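Residue numbers (our numbering): 2 to 278. What follows is a set of notes on a single structure, which appears directly below.
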Ligand SMILES: [Zn+2]
């Protein structure tokens with residue numbers, strides 16, 4: 002019997018995930034909490050579209066510092082201690098590598114692997130060994146600041162739940178310059194925060210996103226571009242990132258529980274587009 006394509010893909014991914022499991026932190030719950038010391042490895046990425054030019058990096062690095070300050074400030078509202086460490090790996094924090102392609106479809110493991118090779122290391126384990134960094138016990142988030150227009154997003158390194166690679170483009174798809182709020186939003190994803198805005202077929206259903214707008218109108222996970230001064234960490238996101246306790250009503254927004262409905266909305270939308278043509 003011929004192997005169905007889905008099975009082949011599954012075998013492929015399982016192979017890679019089991020490989021990744023070896024680096025899995027010992028205590029995921031604590032590892033995923035946006036508390037205590039968080040190490041951030043920031044890498045600037047040149048692409049085949051554009052290169053970082055002298056003097057350009059400062060703005061983005063400064064915005065990243067502001068994003069971190071904003072998060073630290075928010076954490077004090079929840080009586081949490083939070084500290085970012087940015088100089089664990091490079092004192093000047095201006096490392097630039099070239100990647101031919103950085104896009105949503107590429108598994109984060111490959112992107113990280115390519116970065117490590119560009120930096121002159123065989124793999125991430127070698128890089129961490131060299132810097133005497135304990136991947137299993139210390140928190141590490143990798144942030145790429147990419148020189149091209151695209152949609153910023155965050156990825157997982159260890160499993161679909163644990164997001165450890167954030168890819169921040171210098172401008173969004175429409176040319177809007179990326180700022181501290183976009184960066185804070187992506188950093189929050191790295192600690193498990195859910196998107197709360199509606200995008201057909203993605204993370205929320207029409208209904209759950211409407212509820213999110215009602216319940217958490219100023220959430221940074223709902224929108225990172227309007228009324229920036231009012232932005233805050235809502236209580237649902239606070240729970241996701243380990244700042245507060247779970248409440249039953251949060252399950253309404255759970256992308257896993259809503260998966261079928263989300264997929265059905267996506268399907269219906271695509272069908273309606275087809276009918277319009
Ligand atoms: Zn998001």
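Glycine included, each C-beta is placed from N, C-alpha and C at the ideal position. Remember, it's a predicted structure, so these values are computed and weren't measured experimentally.
Just reading off the beta strand (DSSP E) that residue 99 is part of, what are its end residues? 97-99
Would you check if the distance between the CB atom of residue 189 and the CB atom of residue 214 is smaller than 8 angstroms? Not a contact, by the Cβ cut-off of 8 angstroms.
Run of the beta strand (DSSP E) containing residue 302, from where it starts to where it stops: Outside the modelled stretch of the chain, which goes from 2 to 278, sits residue 302, for which no answer is possible.
With DSSP as the reference, label residue 124 as helix, strand or coil. Residue 124 falls in the coil class under three-state DSSP.
Hey, would you say residue 41 sits closer than 8 angstroms to residue 144, going by beta carbons? Residue 41 places its beta carbon less than 8 angstroms from that of residue 144.
Please work out which residues of its chain come closer than 7 angstroms, Cβ to Cβ, to residue 212, disregarding the five sequence neighbours upstream and downstream, and give them in chain order. If we look at residue 212 and ignore the five residues flanking it on each side, its Cβ neighbours are 253.
Is DSSP giving residue 297 helix, strand or coil here? In the structure displayed, the chain extends from 2 to 278; residue 297 sits before or after that span and is not available.
Can you have a look at residue 218 and say buried or exposed, based on whether 16 or more other CB atoms are within 10 angstroms of its CB? exposed
Can you name, in chain order, every residue of its own chain whose Cβ lies under 8 angstroms from the Cβ of residue 174, other than the five neighbours on each side? Listed in chain order, the non-local C-beta contacts of residue 174 below 8 angstroms within the same chain comprise 150, 151 and 152, local neighbours out to five positions each way being set aside.
Per-residue burial, residue 196 [other beta carbons within 10 Å of its own, 16 or more giving buried]: buried
Rounded to the nearest angstrom, how far is the Cβ of residue 256 from that of residue 204, given a contact under 8 angstroms? 5 angstroms
Is the closest heavy atom of ligand 1 to the C-beta of residue 108 under 7 angstroms? no
The beta strand (DSSP E) enclosing residue 147, as first and last residue numbers: 140-150
Rounded C-alpha distance that separates residue 207 from residue 199: Distance between the alpha carbons of residue 207 and residue 199: 6 angstroms.
What's the C-alpha gap between residue 123 and residue 136? 16 angstroms
Give every residue of the same chain whose Cβ lies closer than 7 angstroms to the Cβ of residue 115, excluding the five residues on either side of it in the sequence, and list them in chain order. Contacts found: 100.
Going by C-alpha distance, which of 249, 271 and 97 is nearest residue 121? The residue with the shortest Cα to Cα distance from residue 121 is 97.
Tell me whether the beta-carbon of residue 107 lies closer than 8 angstroms to the beta-carbon of residue 125. no
How is the alpha helix (DSSP H) around residue 189 delimited, first residue to last? 181-190
Write down the C-beta distance between residue 71 and residue 185 rounded to the nearest angstrom, noting that I regard them as a contact closer than 8 angstroms. 5 angstroms
So is residue 259 buried or exposed if we call it buried at 16+ other beta carbons inside 10 Å? Under the 10 Å beta carbon count, residue 259 is surrounded by 16 or more other beta carbons and is classified as buried.
Rounded to the nearest angstrom, what separates residue 64 and residue 242 at their Cα positions? 21 angstroms
When we look at the beta-carbon of residue 95 and count the other beta-carbons within 10 Å, is it buried (16 or more) or exposed? Around the beta-carbon of residue 95, fewer than 16 other beta-carbon atoms lie within 10 Å, marking it exposed.
Contact belief for residue 69 with residue 85 at Cβ below 8 angstroms, rounded distance in angstroms: 4 angstroms
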